[in-house]
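Let me begin by presenting the structure, written as C-alpha cells, before commenting on it.
Residue numbers (our numbering): 21 to 459.
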C-alpha cells in the first residue's frame with residue numbers, strides 16, 4: 021500500500037533552498053581558498069555560515085512538509101548562529117571568545133528555547149495574495165526572531181566599521197567593500213523582515229538580502245584574510261642576532277615608537293642572561309611602555325619581535341620562524357658568517373610564518389614604495405637575477421616597481437614563470453630545428 025504525500029512547493033521553499041545552497045557553497049569555497057589560514061576567528065565565522073545554511077535548508081523542508089515539529093527544531097539553531105558569529109567577531113578583535121555581549125546573549129538563550137516550544141508560537145496560515153500554505157512564528161517568539169536579526173546586523177556593521185577604521189592603506193579597498201556592503205545590505209534586510217508583520221512574503225526579500233550581505237562579508241575576508249588581524253594587535257618589527265650579538269636579519273611591518281637603542285639593548289641583555297635564567301628554546305615577554313618585545317633564545321640565534329601586545333599566535337609564529345631560520349641557515353650559523361646579505365632569503369620564511377599580518381608602513385598612494393623601487397629593499401639574489409634576465413635597466417625598474425607592491429614571494433613566482441616560458445620556447449625551437457633538418 022503506497023502512501024501519497026503532497027509536498028507544499030512554494031516560492032519561499034525555492035528561495036530557502038537557494039539561500040541554503042549559496043551559504044554552504046560559500047563556506048566550502050572559502051575553506052578551499054584559505055586552507056593555509058589557521059585563524060580561529062575564521063573558524064567560528066564559517067561555523068556560523070554553515071549553521072545558517074542548515075537553518076534555511078530545514079526551514080525549506082519544514083515548509084514543504086508543513087511539519088511544525090521540524091519548524092521548532094530548526095529554530096533551535098538560531099541562537100547558535102548568533103553566538104558563533106559573535107565569538108568569531110570577538111576573537112578577531114581581541115583574541116578571546118569572552119565578552120559582555122556573549123554573556124547577555126547566553127542569558128537570553130533559555131528564554132528563546134522556552135518560547136520555541138510554546139504551542140502558540142507557530143501557526144500554519146494561507147499566505148496573503150499568493151494563496152499557498154506556510155508556517156509562521158507568532159507573538160513574542162516572532163519578536164525574539166526579529167531581535168536576533170537585529171543583533172546580527174548591528175554586530176556585523178560595528179565589526180566591519182572597526183576593521184575599516186583601523187585598516188592600513190594597502191587593504192583599505194577590501195575593508196571599504198566590507199563596511200559599505202554591510203551598511204547598505206543588513207539594514208535593508210532588517211527593514212524587509214519588519215515588513216513581514218504586515219505581509220509574510222517579505223521574508224523572501226529579507227532572506228535573499230541577508231545571504232547577499234553574508235556573501236560579501238566572506239568574499240572580502242577570502243580576498244584579504246589580513247582583515248582578520250587588523251584589530252587584535254599590531255606587529256612592528258622582527259630582528260635576528262647571532263650569539264655574539266651581530267644583526268643577521270631585520271624586517272619591518274610598521275613604524276614603531278619604540279626607541280632603537282631600547283630595542284637593541286633588550287635583545288643584547290637577554291643574550292647576556294645566564295642559561296639558568298634564559299634556557300634555550302624559551303620564549304620571554306618583555307613589557308615596554310610602547311608595546312611588548314617577544315624574545316626567543318635558541319642554540320645559534322636570538323629572535324626579537326616587537327608588537328603592540330603579546331599573543332599566543334605571535335609566540336607560536338616566532339618559535340616556528342626561529343626553528344626554520346636555524347634549519348635553513350645552519351651552515352652559515354655554524355661557521356659564524358655575519359654577512360647580512362647571505363640571510364636575505366629569510367624573507368621567504370617571513371611570508372611563510374607571518375603572511376597573515378598586515379603591512380602598515382605604506383600610508384597613502386603617494387608613498388615611495390608605490391611610486392618607485394629605487395629605495396625599496398629587494399634581496400640581492402633576486403636583484404641580480406633580474407639584471408641577468410633583463411638587459412635594459414629601464415625595463416628592470418618597471419618590473420620591480422610592479423612586483424614590489426605584492427608579497428615578496430611574488431618575485432620567486434615571477435622568475436619561475438619566466439623560466440617555465442623560456443623552457444617552453446626552447447622546446448619549440450628544438451622542434452622547428454628537427455622539422456628543418458628532416459626537410
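Note that the Cβ used here is the ideal one computed from N, Cα and C, for glycine as well.
Here the structure is a predicted model, which is why all the values come from computation and not from measurement.
Using 10 angstroms around the beta-carbon of residue i, count the other beta-carbons present and answer buried if the total reaches 16, otherwise exposed.
i, result
"residue 358", "exposed"
"residue 116", "exposed"
"residue 123", "exposed"
"residue 426", "Here the model assigns residue 426 a pLDDT of 49, short of 50, so the residue's position is not dependable and the matter cannot be decided."
"residue 229", "buried"
"residue 33", "buried"
"residue 261", "buried"
"residue 98", "buried"
"residue 351", "exposed"
"residue 130", "exposed"
"residue 265", "exposed"
"residue 65", "buried"
"residue 198", "buried"
"residue 356", "exposed"
"residue 200", "exposed"
"residue 238", "buried"
"residue 347", "exposed"
"residue 145", "exposed"
"residue 226", "buried"
"residue 191", "buried"
"residue 210", "buried"
"residue 132", "buried"
"residue 27", "exposed"
"residue 76", "buried"
"residue 269", "buried"
"residue 89", "exposed"
"residue 387", "Low confidence applies to residue 387: its pLDDT is 49, below 50, so where it sits in the model is not reliable enough to give any reading."
So the beta strand (DSSP E) residue i belongs to, where does it begin and stop?
i, result
"residue 11", "Lying before the first or after the last residue shown, residue 11 is absent from the chain, which here runs from 21 to 459."
"residue 316", "311-317"
"residue 262", "255-262"
"residue 157", "153-157"
"residue 49", "Careful: residue 49 lies outside any beta strand (DSSP E), inside the alpha helix (DSSP H) at 31-53."
"residue 27", "No beta strand (DSSP E) holds residue 27; DSSP gives it neither H nor E."
"residue 250", "Element bounds for residue 250: n/a, residue is neither H nor E."
"residue 190", "That residue, residue 190, is in no beta strand (DSSP E); it is neither H nor E in DSSP."
"residue 142", "142-146"
If residue i sits next to residue j, beta carbons under 8 Å apart, how far is it from one beta carbon to the other, in whole angstroms?
i, j, result
"residue 316", "residue 303", "5 Å"
"residue 141", "residue 214", "Contact doesn't hold; Cβ gap of about 19 Å is too wide."
"residue 83", "residue 36", "7 Å"
"residue 202", "residue 258", "With 8 Å as the limit, residue 202 and residue 258 do not qualify as a contact, their Cβ atoms being about 34 Å apart."
"residue 220", "residue 147", "6 Å"
"residue 30", "residue 154", "7 Å"
"residue 111", "residue 61", "4 Å"
"residue 247", "residue 241", "6 Å"
"residue 236", "residue 175", "Not confirmed; about 15 Å, so no contact."
"residue 78", "residue 94", "3 Å"
"residue 313", "residue 344", "Between residue 344 and residue 313 the Cβ distance is about 21 Å, and since that is not below 8 Å, they are no contact."
"residue 349", "residue 363", "6 Å"
"residue 194", "residue 114", "Not a contact, Cβ separation roughly 21 Å."
"residue 38", "residue 92", "Wrong, their Cβ atoms sit about 24 Å apart, outside the cutoff."
"residue 177", "residue 206", "6 Å"
"residue 327", "residue 256", "6 Å"
"residue 74", "residue 171", "The pair is not a contact, with the Cβ atoms about 19 Å apart (cut-off 8 Å)."
Starting from residue i, trace the alpha helix (DSSP H) in both directions and tell me its first and last residue.
i, result
"residue 369", "367-374"
"residue 135", "120-136"
For chain B, check one thing: does any of its Cβ atoms lie closer than 8 Å to the Cβ of residue i?
i, result
"residue 323", "Of the protein chains in the structure, only one exists, and it is not chain B."
Between the stretch 161-169 and the stretch 181-188, do three or more beta carbon pairs fall short of 8 Å?
no
Any chance the stretch 36-55 sits against the stretch 68-86, with 3 or more Cβ pairs inside 8 Å?
yes
Go through the stretch 76-108 residue by residue and report every complete run of the beta strand (DSSP E) that reaches 3 residues or more, in order.
none
Do the stretch 360-377 and the stretch 335-345 meet, that is, are 3 or more Cβ pairs less than 8 Å apart?
yes
Segment contact flag, the stretch 50-61 with the stretch 124-134, C-beta cutoff 8 Å, min 3 pairs
Contact fails: fewer than three Cβ-Cβ distances are below 8 Å.
Only counting runs of 4 or more residues, tell me where the alpha helix (DSSP H) segments fall wholly within the stretch 192-224, in order along the chain.
192-214
Looking at C-beta atoms only, is the number of pairs between the stretch 175-183 and the stretch 245-256 that lie closer than 8 Å three or more?
A contact is defined here as three or more CB-CB pairs under 8 Å, and the stretch 175-183 meets this definition with respect to the stretch 245-256.
Residue ranges of each alpha helix (DSSP H) within the stretch 322-364, 4 or longer:
332-348 and 350-354
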